[in-house]
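I have placed the structure first, in the form of structure tokens, so that the comments after it can refer back to it.
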Amino acid sequence: MHKMPEREQGQESSIRSPRIHFLKDLDYFFVLRPLILIPSWNFLLIGAYLARQERGLNFDLVLALMIYTCVMGGVYIVNQIIDRDTDRINRKLFIISEGHISLKAAYAELAILWTSALILSLKFGLVFLSLIVLSMLLGIMYSVTPFKFKSRPVLDMFANAFGYGLVNCLVGWLIFKPLDCSALVRFLPYVLSIAAVFINTTVVDIEGDKKTGSRTTAIFLGKRNSYILASLLMTGATLIAWFNKDLICLMPAIVSLPLFFYIMFANLVSDNASRRLTIASFRLPGLIFTLITGYIYPVYFIFVVLLFAGMRLYYRYRFNMEYPTLGGG
Numbered sequence: 001m002h003k004m005p006e007r008e009q010g011q012e013s014s015i016r017s018p019r020i021h022f023l024k025d026l027d028y029f030f031v032l033r034p035l036i037l038i039p040s041w042n043f044l045l046i047g048a049y050l051a052r053q054e055r056g057l058n059f060d061l062v063l064a065l066m067i068y069t070c071v072m073g074g075v076y077i078v079n080q081i082i083d084r085d086t087d088r089i090n091r092k093l094f095i096i097s098e099g100h101i102s103l104k105a106a107y108a109e110l111a112i113l114w115t116s117a118l119i120l121s122l123k124f125g126l127v128f129l130s131l132i133v134l135s136m137l138l139g140i141m142y143s144v145t146p147f148k149f150k151s152r153p154v155l156d157m158f159a160n161a162f163g164y165g166l167v168n169c170l171v172g173w174l175i176f177k178p179l180d181c182s183a184l185v186r187f188l189p190y191v192l193s194i195a196a197v198f199i200n201t202t203v204v205d206i207e208g209d210k211k212t213g214s215r216t217t218a219i220f221l222g223k224r225n226s227y228i229l230a231s232l233l234m235t236g237a238t239l240i241a242w243f244n245k246d247l248i249c250l251m252p253a254i255v256s257l258p259l260f261f262y263i264m265f266a267n268l269v270s271d272n273a274s275r276r277l278t279i280a281s282f283r284l285p286g287l288i289f290t291l292i293t294g295y296i297y298p299v300y301f302i303f304v305v306l307l308f309a310g311m312r313l314y315y316r317y318r319f320n321m322e323y324p325t326l327g328g329g
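Residue numbers for the sequence shown follow the working numbering, beginning at 1 and rising by one.
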């Protein structure tokens, strides 16, 4: 094999080194799991739009997005810290589990994120700050023992539906309007649709969750009852969104509802509903919500597209893998 001259080796090393260090520095951003931050941003922006009925971003809305990014990014760091051993075994979420970021650094980043979120939240008042604290507490109780809602039936569903569908939306709402009963009614179909979607995610993970000792809603109910409950919840979301004349929630619900019912009836007949269709059932509503949010806020849509492209480049050159894919992998 032809050996590169020492001078050229040194030149290549000097060229590659800055890029390597830059990619390693990006670990501190991508450990926040930006792909699953997108639903948080969607529902915050939707909550803000329903409050003021105006399109476009302003300073307060961008600041609220930054605050909630700090909150949920911290929640995802907590989850990765707690699950680092199982993540290492399952070869996923490896930035913390494989030591690309040390535990000490992860805790430091968590402290910086949550402290920043609390300080910045003071601008929007006590109720807004209370919701931020509630989001943090839900994130802790979702992953940390003795609570560990993610391993407890019904509580896992409630935490996701309440956190994303209500608290998340109210954070956006409060930027422009005070909290009142009308807001709770407006966001009820979002709570139900997210609960339906979450149940189907737990169905797909039944075998893996059993191996780790988790007792999720799907394990507790079984596949058949889980599909039935998910379909009923999505039906409820559709009906209430129609009653509220809320097209933003109605469109994802009504488009995905036939898929929910098809999977439910297929499982009733053969007890073997398609895994691919189940995955499609919980990815489709999220995709539609993202497209609708992007329509309301075009600059946000451009940001999401650039973020997706940036993630592809980061994972390709940092870890030599193709992630994320258009199929959601």
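In this text, a Cβ means the ideal position worked out from N, Cα and C, and glycines have one as well.
Query	Result
Beta-carbon proximity of Pro324 to Phe308, cut-off 8 Å	yes
Same chain, Cβ closer than 7 Å to Arg16, five either side skipped, listed in chain order	Its pLDDT being 48, under 50, Arg16 is placed unreliably by the model, and nothing is read from it.
Selected residue, minimal CA-CA separation from Met136, among Pro252, Tyr49, Phe265 and Tyr76	Tyr76
Candidates Ser151, Leu257, Ser281 and Ser270: closest to Gly208 by CA position	Ser151
Whole-angstrom distance between Arg312 and Ser13, CA atom to CA atom	Confidence at Ser13 is low in this model, with a pLDDT of 38, below 50, so its placement is unreliable and the value that follows should be read with caution. C-alpha separation (whole angstroms): 24 Å.
Uninterrupted alpha helix (DSSP H) stretches inside the segment 77-152 (no shorter than 4 residues)	84-90, 94-97, 103-121 and 126-143
Pick from Lys24, Ala161, Gln53 and Leu35 that is closest to Leu247, judged by C-alpha positions	Gln53
Nearest-angstrom Cα separation, counted from Ala159 out to Tyr28	26 Å
Test item: CB-CB of Leu65 and Leu32 under 8 Å	no
Contacting residues, own chain, Cβ-Cβ under 7 Å from Leu110 (five flanking each side not counted)	Gly74, Ile77 and Val78
Distance, Ser226 Cα to Val154 Cα	11 Å
Check whether Asp156 and Thr212 have beta carbons under 8 Å apart	no
Close-in-space but distant-in-sequence residues of the same chain around Arg88 (CB under 6 Å, 5 per side omitted)	Ser97
Cα-Cα separation, Met4 to Val204	Confidence in Met4 is poor, its pLDDT being 39 and thus under 50, which makes the residue's placement too unreliable to answer from.
Sub-8 Å separation of Asn200 and Thr290 beta-carbons	no
Assigned exposure category for Pro146 - 16 Cβ within 10 Å defines buried	exposed
For Asp205, three-class secondary structure by DSSP	coil
Ile194 burial status per 10 Å Cβ neighbour count (16 or more: buried)	buried
Own chain residues within Cβ distance below 8 Å of Tyr314, not counting five before or after	Leu23, Leu26 and Phe30
Whole-number beta carbon distance between Ile95 and Ala117, since they are thought to touch under 8 Å	Ala117 to Ile95, Cβ: 21 Å. No contact.
DSSP state of Asn58 mapped onto helix, strand, coil	coil
Inside the segment 203-275 only - alpha helix (DSSP H) runs reaching at least 4 residues	206-211, 217-221, 223-243 and 247-270
Distance between Lys123 and Gln9 (C-alpha atoms, nearest Å)	Here the model assigns Gln9 a pLDDT of 37, short of 50, so the residue's position is not dependable, and the following value carries that caveat. Cα to Cα, the separation comes out at about 53 Å.
Whether Ala48 touches Leu35 by CB criterion (8 Å)	no
Leu192 beta carbon less than 8 Å from that of Ala183	no
For Leu232, the nearest candidate out of Leu129, Met264, Tyr295 and Tyr142 (CA to CA)	Met264
Cβ shell of Pro252 (< 6 Å), same chain only, five flanking positions each side left out	Pro285, Ile288 and Phe289
Alpha carbon of Asn267 to alpha carbon of Thr202, nearest angstrom	15 Å
Ile38 versus Asn320, Arg283, Tyr317 and Arg318, residue with shortest Cα-Cα distance	Arg283
8 Å contact criterion, which Ala230 and Phe260 should meet: CB distance rounded	6 Å
Nearest candidate by alpha-carbon position, reference Gly165, set Phe176, Arg186, Phe149 and Asn58	Arg186
Close-in-space but distant-in-sequence residues of the same chain around Thr238 (CB under 7 Å, 5 per side omitted)	Leu250, Ala253, Ile254 and Leu257
Which listed residue (Leu50, Asp83 and Thr235) has its alpha carbon closest to that of Leu179	Leu50
8 Å Cβ cutoff met for Ala106 and Ile67	no
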